[in-house]
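The sequence shown: position 245 = 341 (the numbering used here), numbered continuously.
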Amino acid sequence: MDFPFDLNALFPERITVLDNSLSAGRIAHGRPDPLLQISTVIDELGKASSKAQQLPAPITSAAKLQANRHHLYLLKDGEQNGRRGVIVGFLKVGYKKLFLLDQRGAHLETEPLCVLDFYVTETLQRHGYGLELFDFMLKHKRVEPEQMAYDRPSPKFLSFLEKHYDLKNSVPQLILNHTSCFFWLFLTITAVQLRKVPPKKPEGEIKPYSLMEREVVREEQRALPWPFVRPAGPPHSPPLLPSSPQSGSLSVGSSPSRAPLRPTAAPRTPSSQLNDSCRAKRTSSLNRSRLSFH
Ligand SMILES: CC(=O)SCCNC(=O)CCNC(=O)[C@H](O)C(C)(C)COP(=O)(O)OP(=O)(O)OC[C@H]1O[C@@H](n2cnc3c(N)ncnc32)[C@H](O)[C@@H]1OP(=O)(O)O
Numbered sequence: 097m098d099f100p101f102d103l104n105a106l107f108p109e110r111i112t113v114l115d116n117s118l119s120a121g122r123i124a125h126g127r128p129d130p131l132l133q134i135s136t137v138i139d140e141l142g143k144a145s146s147k148a149q150q151l152p153a154p155i156t157s158a159a160k161l162q163a164n165r166h167h168l169y170l171l172k173d174g175e176q177n178g179r180r181g182v183i184v185g186f187l188k189v190g191y192k193k194l195f196l197l198d199q200r201g202a203h204l205e206t207e208p209l210c211v212l213d214f215y216v217t218e219t220l221q222r223h224g225y226g227l228e229l230f231d232f233m234l235k236h237k238r239v240e241p242e243q244m245a246y247d248r249p250s251p252k253f254l255s256f257l258e259k260h261y262d263l264k265n266s267v268p269q270l271i272l273n274h275t276s277c278f279f280w281l282f283l284t285i286t287a288v289q290l291r292k293v294p295p296k297k298p299e300g301e302i303k304p305y306s307l308m309e310r311e312v313v314r315e316e317q318r319a320l321p322w323p324f325v326r327p328a329g330p331p332h333s334p335p336l337l338p339s340s341p342q343s344g345s346l347s348v349g350s351s352p353s354r355a356p357l358r359p360t361a362a363p364r365t366p367s368s369q370l371n372d373s374c375r376a377k378r379t380s381s382l383n384r385s386r387l388s389f390h
């Protein structure tokens, strides 16, 4: 993606880390960072990313970055476009406080680093740039991919995670927070360091209905999307978090590092809540992403 200004002057490094200050770190050629140009780059990337993901509105923009404590990693190729450089892609991450519900409706609170947006220019995809960005972020944040949460990853991103980080057997964890409910975890209890929070107000504490970021995705579908289809079983056992009745663990698949959790919350019926709150948040990707869930 090229721009009518010198990206090498704007972003001296190959990968630039931007935060809510929108500062590219160094002062380029003795000038202060031109905020307007940096904002233009972020806004255009946000639009391209939302288009690629078929979202109705960008979830990344300069204004959103300024308003949140996220980090945006920007990758350029400084040799292209007459040595003025092109933007190759970006990766946006941030910490999110998430509340998970286990099968018995007990709340577990965690605050993992989440991948919120990720985009490589169409013509440059499958050239290893995504991996370069992601690896840079992992080192910068000193985190492992399996410790992170993923905000409704696209099929391409799931394929990416499986190919480069062997993250398969993924199970979308239905997670309730104040902004979103389809974060996916490749859950290892010790990795995300879940801690149980006592249920204070069983009916009113968690409000997953507010609109923010991906919540701009409008309701497209009334039924719960796969794999959250309500089973024919009793209403107190919705498939929120696959958990072994034997172990009581929230972990999934054959994860070796499960720590037993002993939820103490009184059983409740979150399925009706989920029916209302979690419809069609990027349901198209969920429906498309029928990868192997074990
Ligand atoms: C939480 C979120 O942000 S979800 C949104 C993720 N972003 C998108 O879906 C936007 C469109 N996609 C993209 O921008 C890119 O494909 C990214 C960011 C997902 C990956 O960046 P890339 O530079 O293509 O990744 P990189 O070259 O390092 O790795 C390639 C691997 O990614 C996956 N991948 C990349 N593009 C595709 C594609 N078109 N179809 C299927 N898999 C793909 C594959 O596993 C691929 O390996 P393969 O070529 O051997 O099949």
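Every residue, glycine too, gets a C-beta built ideally from N, C-alpha and C.
Every value quoted in this text rests on a predicted model; they were computed, and no experiment measured them.
Practice task
Return yes when the C-beta of Leu-212 is under 7 Å from any heavy atom of ligand 1, and no when it is not.
Solution key: As a position in the sequence shown, residue 212 is number 116, starting the count at 1. Answer for Leu-212: yes, Cβ within range of ligand 1.
Handout entry: Contact under 8 Å by Cβ, Phe-186 with Leu-131
Key = Along the sequence shown, read from residue 1 onward, the residue named residue 186 stands at position 90. Along the sequence shown, read from residue 1 onward, the residue named residue 131 stands at position 35. For Phe-186 and Leu-131, no; Cβs fall outside 8 Å.
Exercise for the section: Spatial neighbours of Gln-162 within its chain, please: CB distance less than 7 Å, with the 5 preceding and 5 following residues excluded, ordered by chain position. Expected result: Position 66 of the sequence shown, counted from the first residue, corresponds to residue 162. Same-chain partners within the cutoff: Asn-116, Leu-118.
Practice task
Check the Cβ-Cβ distances between Thr-206 and every residue of chain C, and say whether any is below 8 Å.
Solution key: The chain labelled as chain C is not found in the depicted structure, where only one protein chain is given.
Exercise for the section: With hydrogens ignored, establish whether the beta-carbon of Pro-152 is closer than 7 Å to any heavy atom of ligand 3. Expected result: In terms of ligand content, the structure shown lacks ligand 3 and carries ligand 1 instead.
Exercise for the section: Could you have a look at Leu-234 and say whether DSSP puts it in helix, strand or coil? Expected result: Position 138 of the sequence shown, counted from the first residue, corresponds to residue 234. Three-state result, Leu-234: helix.
Exercise for the section: Check whether the Cβ atoms of Ala-245 and Lys-192 lie closer than 8 Å to each other. Expected result: For the purposes of this step, residue 245 is taken as the residue at position 149 of the sequence shown. For the purposes of this step, residue 192 is taken as the residue at position 96 of the sequence shown. Closer than 8 Å, so yes.
Exercise for the section: Give the single residue among His-167, Asp-173, Ala-144 whose Cα lies nearest to the Cα of Leu-106. Expected result: By one-based count along the sequence shown, residue 106 stands at place 10. That would be Asp-173, whose Cα lies nearest to the Cα of Leu-106.
Handout entry: Burial state of Lys-235 (16 or more Cβ within 10 Å)
Key = Mapped onto the sequence shown, residue 235 falls at position 139. Counting Cβ neighbours within 10 Å, Lys-235 comes out exposed, since fewer than 16 surround it.
Handout entry: Residue closest to Phe-253, alpha-carbon to alpha-carbon, out of Arg-238, Leu-229, Gln-176
Key = Within the sequence shown, residue 253 is the residue found at index 157, counting from 1. Considering only alpha carbons, the answer is Leu-229.
Handout entry: Coil, strand or helix - Glu-175 by DSSP
Key = The count along the sequence shown starts at 1 and reaches residue 175 at position 79. In the structure shown, Glu-175 sits in coil (DSSP, three-state: anything other than H, G, I, E or B).
Handout entry: C-alpha gap between Phe-214 and Ala-202, whole angstroms
Key = As a first step, residue 214 is located in the sequence shown; it is residue number 118 there, counting from the start. As a first step, residue 202 is located in the sequence shown; it is residue number 106 there, counting from the start. Going by the C-alpha atoms only, they are around 32 Å apart.
Handout entry: C-alpha gap between Ile-134 and Ala-148, whole angstroms
Key = Position 38 of the sequence shown, counted from the start, is the residue given in the question as residue 134. Position 52 of the sequence shown, counted from the start, is the residue given in the question as residue 148. So the alpha carbons of these two residues sit roughly 21 Å apart.
Exercise for the section: With DSSP collapsed to three states, give me the class of Ile-155. Expected result: Residue mapping note: residue 155 aligns to position 59 of the sequence shown, counting from 1. Ile-155 falls in the coil class under three-state DSSP.
Practice task
For His-203, verify whether its CB is less than 7 Å away from any heavy atom of ligand 1.
Solution key: As a working note, residue 203 is residue 107 in the sequence shown. Every heavy atom of ligand 1 is 7 Å or more from the Cβ of His-203, so no.
Handout entry: Continuous alpha helix (DSSP H) stretch holding Val-137: start and end
Key = Start at 1 with the first residue of the sequence shown, and residue 137 comes out as number 41. 131 to 148 is the extent of the alpha helix (DSSP H) around Val-137.
Problem - Per-residue burial, Arg-238 [other beta carbons within 10 Å of its own, 16 or more giving buried] - result: Translated into the one-based positions of the sequence shown, residue 238 becomes position 142. With fewer than 16 other Cβ atoms within 10 Å, it is exposed.
Practice task
Could you give the DSSP three-state label for Phe-195: helix, strand or coil?
Solution key: For the purposes of this step, residue 195 is identified with residue 99 of the sequence shown, where counting begins at 1. Three-state result, Phe-195: strand.
Practice task
Please say whether Val-216 and Val-189 have beta carbons closer to each other than 8 Å?
Solution key: For the purposes of this step, residue 189 is identified with residue 93 of the sequence shown, where counting begins at 1. For the purposes of this step, residue 216 is identified with residue 120 of the sequence shown, where counting begins at 1. No; because the gap between Cβ atoms is not below 8 Å, this pair is not in contact.
Problem - Asp-98 vs Val-184 beta-carbon contact at 8 Å - result: For the purposes of this step, residue 98 is taken as the residue at position 2 of the sequence shown. For the purposes of this step, residue 184 is taken as the residue at position 88 of the sequence shown. No.
Practice task
Label Arg-179 either buried or exposed according to how many other C-beta atoms from any shown protein chain fall within 10 Å of its C-beta, with 16 as the threshold for buried.
Solution key: Looking up residue 179 in the sequence shown gives position 83. Label assigned to Arg-179: exposed.
Practice task
With Leu-263 as the anchor, note down where its alpha helix (DSSP H) starts and where it stops.
Solution key: On the sequence shown, position 167 is the one that residue 263 refers to. Per DSSP, Leu-263 belongs to no alpha helix (DSSP H) and is neither H nor E.
Handout entry: Counted within 10 angstroms of its Cβ, other Cβ atoms place Leu-114 as buried (16 or more) or exposed
Key = In the sequence shown, counting from the first residue as 1, residue 114 sits at position 18. With 16 or more Cβ atoms within 10 Å of its Cβ, Leu-114 is classed as buried.
Exercise for the section: Quick one: grab the DSSP three-state call for Ala-163. Expected result: Taking the first residue of the sequence shown as 1, we reach residue 163 at position 67. Helix.
Practice task
Would you identify the three-state DSSP class for Phe-214, choosing helix, strand or coil?
Solution key: Walking along the sequence shown from the start, residue 214 turns up at place 118. Three-state DSSP puts Phe-214 in a strand.
Exercise for the section: Reducing DSSP to helix, strand and coil, say where Phe-107 ends up. Expected result: Numbered from 1 along the sequence shown, position 11 holds the residue referred to as residue 107. Looking at Phe-107 - three-state DSSP - the assignment turns out to be coil, as it is neither helix nor strand.
Exercise for the section: On the DSSP bridge assignment, give the partners of Lys-188 in chain order. Expected result: Mapped onto the sequence shown, residue 188 falls at position 92. BP columns for Lys-188 point to Leu-168, Asp-213.
Problem - Backbone CA spacing between Tyr-169 and Glu-109 [nearest angstrom] - result: Here residue 169 corresponds to residue number 73 of the sequence shown, with the count starting at 1. Here residue 109 corresponds to residue number 13 of the sequence shown, with the count starting at 1. Using only the alpha carbons, I get a separation of about 11 Å.
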